[in-house]
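Trainee: Please see the structure below; I have some questions.
Number of protein chains: 2
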Amino acid sequence: MENSEKRTELGELGEFGLIDQIQQSVELRNESSVLGIGDDAALIDAGEYYKVVSTDLLSEGVHFDLSYFPLKHLGYKAVAVNVSDIAAMNAVPEQIVISLALSNRFSVEGINEFYAGVYMACEDYKVDLVGGDTSSSPGGLFISVTAIGKVAKDKVVKRSGAKGKNIICATGDLGGAYVGLQVLEREKQVFLADPNMQPQLEKYEYMVGRQLKPTARMDIIHELDELGIVPTSMIDISDGLASELLHLQKHSGLGIKIYEDKLPIDNQTYETAVEFGLDPITCVLNGGEDYELLFTISQSDFEKLEKHRDIHFIGFMDETDKDAGLVTKSKTWVPLKAQGWNHFKK
Amino acid sequence: MENSEKRTELGELGEFGLIDQIQQSVELRNESSVLGIGDDAALIDAGEYYKVVSTDLLSEGVHFDLSYFPLKHLGYKAVAVNVSDIAAMNAVPEQIVISLALSNRFSVEGINEFYAGVYMACEDYKVDLVGGDTSSSPGGLFISVTAIGKVAKDKVVKRSGAKGKNIICATGDLGGAYVGLQVLEREKQVFLADPNMQPQLEKYEYMVGRQLKPTARMDIIHELDELGIVPTSMIDISDGLASELLHLQKHSGLGIKIYEDKLPIDNQTYETAVEFGLDPITCVLNGGEDYELLFTISQSDFEKLEKHRDIHFIGFMDETDKDAGLVTKSKTWVPLKAQGWNHFKK
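These protein sequences, in sequence, are chains R and W.
For the first sequence, this note's numbering gives the first residue as 1, with consecutive numbering after it.
For the second sequence, this note's numbering gives the first residue as 1001, with consecutive numbering after it.
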C-alpha cells in the first residue's frame, strides 16, 4: 500500500508541518486563484469581489465528545467555526456546504437535531446551506464544512500586512472555551464513576457555553466596517492566542510584544482555571477554540476603537525586535510558544 | 444525548430521503445563492459568471478499501469525482479544498503518495488546491473535497431543463467500474485465503482502472462548447445510470425511454460480468462510479454529435408517457429502478 522504504510518523511533522509541506508543493494555475493555502481562507477572484473559501473538519473523539456535546450545539458550532474563518478575512459569509459521515448509531431524529443547530447558525450568520454529502461511517461522526463568503477587493485582510507600531487587538475574552472543556471532562469522569450523579454545570455555565456554543464575531466585522476601519492583518483565535500571534509574526516579518496585564480574561474563567489548578494566563495563551478575532490596526485608527467595550489592545508589532513574547506583570519577557493542537502526536 | 422519544433508523430514510428532508427545511437568504441543494452542484452568483460548488465525502470501508486502493489513485479519484460534478453543470473547475481525517497508521510517506495523486489530478483538470484541513481520526480515513468552478450564466446546465423528444446521451461506457470492484474484491478474498497468491489483474486491467482511476469527462464539456452545444439537462453518472435517469425524470417532469441495444458497454466488461455471474445490463444500469456524463440535447443538435466516437444516444425524453423505463432487445418494457447506494441500509 504505502511506500514501505521509509516511514515517518505524522506526529514528527505535526499539522502545521504537513500544511507547510503541502503548501510548498502546490502551484496555482488559474488567474482566479488569488490566494491559496496559508491563511484563514482562500481568495478567488469574482469580478468586483473576492469569493472567500474556508473549510474545517470536525472529528468525533478529537474535536468533540458526544457524551456531553448536544448534537444541536454541534451543528451550530460546525457552522460558526467556519464563519469565524471567513470573518478573519474581513469578509461576509454567504454559503456553506456540509458533509457528514455517520455511523448507524445515529437516528434520523439525532440528525434532525444536528441540522436544527445548523439552521440556527445559518439564520444568525445569514448563511445559506447550498449543498453537502452524506455517507455512512464505520465508526465515529465526521463533519466537514466549507464556507464561502465575499469581500470587496480593497477591504480584504490577510494574516500578512501588519506594519511596525501597529496595535494588536483581541476581541472578547480568551481561555473560556478551554476551561469549559476541562469542566465538561471532569463532569464526564464524575458521571462515569457514578451515573446517578447529576452534572454540576450552573456555576460554570459561561465557560461551558464558550465551549459548546462559540460565536463567530461577525458583529465586530460589521462594526469595523461601519467605523471605516480596515485592520492591517487579522486571524481568528482557534488554536490559541500564542499560536495565532506566531502566525502574525511569521506573515509580517515583525516582532510581537504583548502585555500580561492587557490580556482579556473573564472573571469566572480566571477563578475556574485556578480551581482546576490551571494557570489562567496559559489558558488565555494556549487554550484555543474561543473563536475571537485577533487583528492589528494603524495607530491612527486607535481613537475610533479606544472606547469599544469588547476590543482589547494587548500589544504592538515591533519592527526593532523580531521576537514574539509576553511582558509579564513583573516585567519579565516570556517568549511565545505555540501549544496549539497537534492531533497526530501521542 | 439524542432525543430519546422516537428513533427512526437512517436506513428507513436513505441518503436521498435525508437529502430531500434537508432540502425542504432550507431557505436561501442571500441573493447570490442562485441554486442550492438538489443538483450536482450549487450555483453562486459572481457577476459575469456563476461560481459552481460541489462537495463529496469519501469514507474508508464505504467508498474505498485501502487493501487494494493505492493512496495515489485515491488522491486522484477524490479530485476527479468532484470535477465530474462540476462538469455536470457544464462548468469548468478551478479550485479545490481537501480535508483529511487520518489515523496514526498513516505515515508522512503515505500522505505524500495521496497528495501526489491529488496534484496529478490538479494538473490533468487544471485545478488549484487552495485550502483544506487535516485532523486525526480515531479510525479510518475520511476525505472531504469541495470543488469550485465557473460557468457563463447562459451556459449553465441543470438536472432540470430537458424537453419532450430531447435525445438522451451517455458518454463512454458503463458498468466497468462496478465490475472492476468485483474483480478487486475477489482478488482480496483470494489473497486473504492465501497471502502467497499474487493477484491476477492483467486480464481485468480495463475495469480495475475504471474503479481505481476514474476520469472526469471535462474533454466532453470542452468539445460541446467548441461545437456550440449547450445540453438541455445534465448529470454525472456516479450512482448508476438508472438512478441518474430517474433524477432527470423527476427534474423534467417527463417520461424516459431508453433502449437496451443502445446502452454502451465495453466488451471486456461484458465478458467479465458474465464470468462473475452478473447480468451485464444490470451492471450498466446500476453499477455506479463510472463518472461518465448523462445529458439531453435538442434534436437540432443531433447532427453535430452523430459521428462522435464516445457519445451514445440511448433514448429520448417522452412527453406522452411520464414513466421511465428500458425497452429490451425483445421489445419488453422494464421500469427503471434506482439501486444506487444506500449506505445506511444494512
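Yeah, the Cβ is synthetic: ideal placement off N, Cα and C, and Gly gets one too.
How long is the line joining the alpha carbons of glycine 140 of chain R and serine 252 of chain R, rounded to whole angstroms?
Mentor: 39 Å
Trainee: My understanding is that isoleucine 237 of chain R touches glutamate 292 of chain R, with C-beta atoms under 8 Å, so please give their C-beta distance in whole angstroms.
Mentor: 5 Å
Trainee: Check the Cβ-Cβ distances between lysine 1000 of chain W and every residue of chain R, and say whether any is below 7 Å.
Mentor: The structure shown does not extend to residue 1000 of chain W, since chain W spans only 1001 to 1346, so no value can be given for it.
Trainee: Return helix, strand or coil for aspartate 65 of chain R, following the three-state DSSP convention.
Mentor: coil
Trainee: Grab me the residues of tryptophan 1158 of chain W's own chain with a C-beta within less than 8 Å of its C-beta, minus the 5 sequence neighbours each way, in chain order.
Mentor: According to the sequence displayed, residue 1158 of chain W carries lysine and not tryptophan. Within the same chain, lysine 1158 of chain W has close Cβ partners Leu1035, Asp1039, Met1089, Ser1233, Met1234 and His1251.
Trainee: Can you find the residues in the same chain that come closer than 7 Å, C-beta to C-beta, to leucine 129 of chain R, ignoring five residues on each side of it along the sequence?
Mentor: Ile96, Ile98, Val118 and Cys122
Trainee: With three or more C-beta pairs closer than 8 Å as the rule, is the region 268 to 284 of chain R touching the region 188 to 208 of chain R?
Mentor: At 8 Å Cβ cutoff, the stretches touch.
Trainee: Nearest-angstrom Cα distance between alanine 242 of chain R and asparagine 166 of chain R?
Mentor: 18 Å
Trainee: Give the residues from the region 1128 to 1142 of chain W that approach chain R closer than 9 Å (Cβ to any Cβ), ordered along the chain.
Mentor: Of all residues in the region 1128 to 1142 of chain W, only Asp1128, Leu1129, Val1130, Gly1131, Gly1132, Asp1133, Thr1134, Ser1135, Ser1136, Ser1137, Pro1138, Gly1139, Gly1140 and Phe1142 come within less than 9 Å of chain R when Cβ atoms are compared, listed by chain position.
Trainee: Just reading off the alpha helix (DSSP H) that lysine 72 of chain R is part of, what are its end residues?
Mentor: 71 to 87
Trainee: So what does DSSP say about isoleucine 1019 of chain W, is it helix, strand or coil?
Mentor: helix
Trainee: Specify, as a first and last residue, the run of the beta strand (DSSP E) that tyrosine 1291 of chain W falls within.
Mentor: First-last for tyrosine 1291 of chain W: undefined, no H or E at that position.
Trainee: When burial is assigned at 16 or more other CB atoms within 10 Å of the CB, is aspartate 1154 of chain W buried or exposed?
Mentor: exposed
Trainee: Taking just the CA atoms, how far does isoleucine 1168 of chain W sit from leucine 1248 of chain W?
Mentor: 10 Å
Trainee: I want to see whether chain W comes within less than 7 Å of glutamine 95 of chain R, judged by CB atoms only; does it?
Mentor: yes
Trainee: Check whether the Cβ atoms of glycine 1288 of chain W and aspartate 1239 of chain W lie closer than 7 Å to each other.
Mentor: yes
Trainee: Quick check: the region 98 to 111 of chain R against the region 131 to 145 of chain R, are at least 3 beta-carbon pairs closer than 8 Å?
Mentor: Under the 8 Å Cβ criterion, the region 131 to 145 of chain R counts as touching the region 98 to 111 of chain R, having at least three qualifying pairs.
Trainee: Report yes or no: do three or more beta-carbon pairs, one from the region 1333 to 1340 of chain W and one from the region 1181 to 1199 of chain W, lie closer than 8 Å?
Mentor: no
Trainee: At the 7 Å Cβ level, is threonine 1328 of chain W part of the contact set with chain R, yes or no?
Mentor: no
Trainee: Return the chain-ordered list of same chain residues with a C-beta closer than 6 Å to the C-beta of isoleucine 311 of chain R, the five sequence neighbours on each side being excluded.
Mentor: Cys169, Thr171 and Leu305
Trainee: Any chance you could list the beta strand (DSSP E) runs of at least 3 consecutive residues sitting entirely within the region 157 to 201 of chain R, in chain order?
Mentor: The qualifying runs are 167 to 171.
Trainee: Go through its chain and collect everything with a Cβ distance to tyrosine 1049 of chain W's Cβ below 8 Å, but skip five positions before and after it.
Mentor: Here the set comprises Lys1150, Val1151, Ala1152 and Lys1153.
Trainee: Under 7 Å Cβ to Cβ from serine 1067 of chain W, same chain only, skipping five residues before and after it: list those, please.
Mentor: So the qualifying residues of the chain are Lys1188.
Trainee: List, in chain order, every chain R residue whose beta-carbon is nearer than 7 Å to that of threonine 1008 of chain W.
Mentor: Ser107, Val108 and Glu109
Trainee: Is the separation between the beta-carbon of alanine 177 of chain R and that of aspartate 290 of chain R shorter than 7 Å?
Mentor: yes
Trainee: On a Cα-Cα basis, can you pick out the residue from R:Lys126, R:Lys51 and R:Leu285 that is closest to leucine 1028 of chain W?
Mentor: For the residues R:Lys126, R:Lys51 and R:Leu285, the minimum Cα distance to leucine 1028 of chain W belongs to R:Lys126.
Trainee: Rounded to a whole number of angstroms, what is the C-alpha to C-alpha distance between lysine 262 of chain R and proline 195 of chain R?
Mentor: Rounded to the nearest angstrom, the two C-alpha atoms are 42 Å apart.
Trainee: So if DSSP puts glutamine 1211 of chain W in a beta bridge, which residue, or which two residues, is it bridged to?
Mentor: Glutamine 1211 of chain W is not bridged to any residue.
Trainee: For a contact defined as C-beta to C-beta under 8 Å, what are the partners of tyrosine 291 of chain R on chain W?
Mentor: Neighbours of tyrosine 291 of chain R on chain W: none; closest Cβ ~15 Å, over 8 Å.
Trainee: May I ask you to report which of helix, strand or coil DSSP gives threonine 296 of chain R?
Mentor: strand
Trainee: Note down, in chain order, each residue of its chain lying with its Cβ closer than 8 Å to the Cβ of glutamate 1060 of chain W, except the 5 sequence neighbours on either side.
Mentor: Leu1066, Gly1140, Leu1141 and Phe1142
Trainee: Below 8 Å on C-beta distance, what does glutamate 48 of chain R contact in chain W?
Mentor: Gly1047
Trainee: Residues in the same chain with beta-carbon distance under 6 Å from leucine 294 of chain R, minus the five sequence neighbours each way, listed in chain order, please.
Mentor: Cβ within range, chain order: Ala170, Ile235, Ile237 and Glu244.
Trainee: For the beta strand (DSSP E) containing lysine 150 of chain R, list its first residue and its last residue.
Mentor: 142 to 152
Trainee: Is the separation between the beta-carbon of proline 280 of chain R and that of alanine 273 of chain R shorter than 7 Å?
Mentor: yes
Trainee: Can you list, in chain order, the residues of its chain whose CB lies under 6 Å from that of glycine 1110 of chain W, leaving out five sequence neighbours each side?
Mentor: Leu1071
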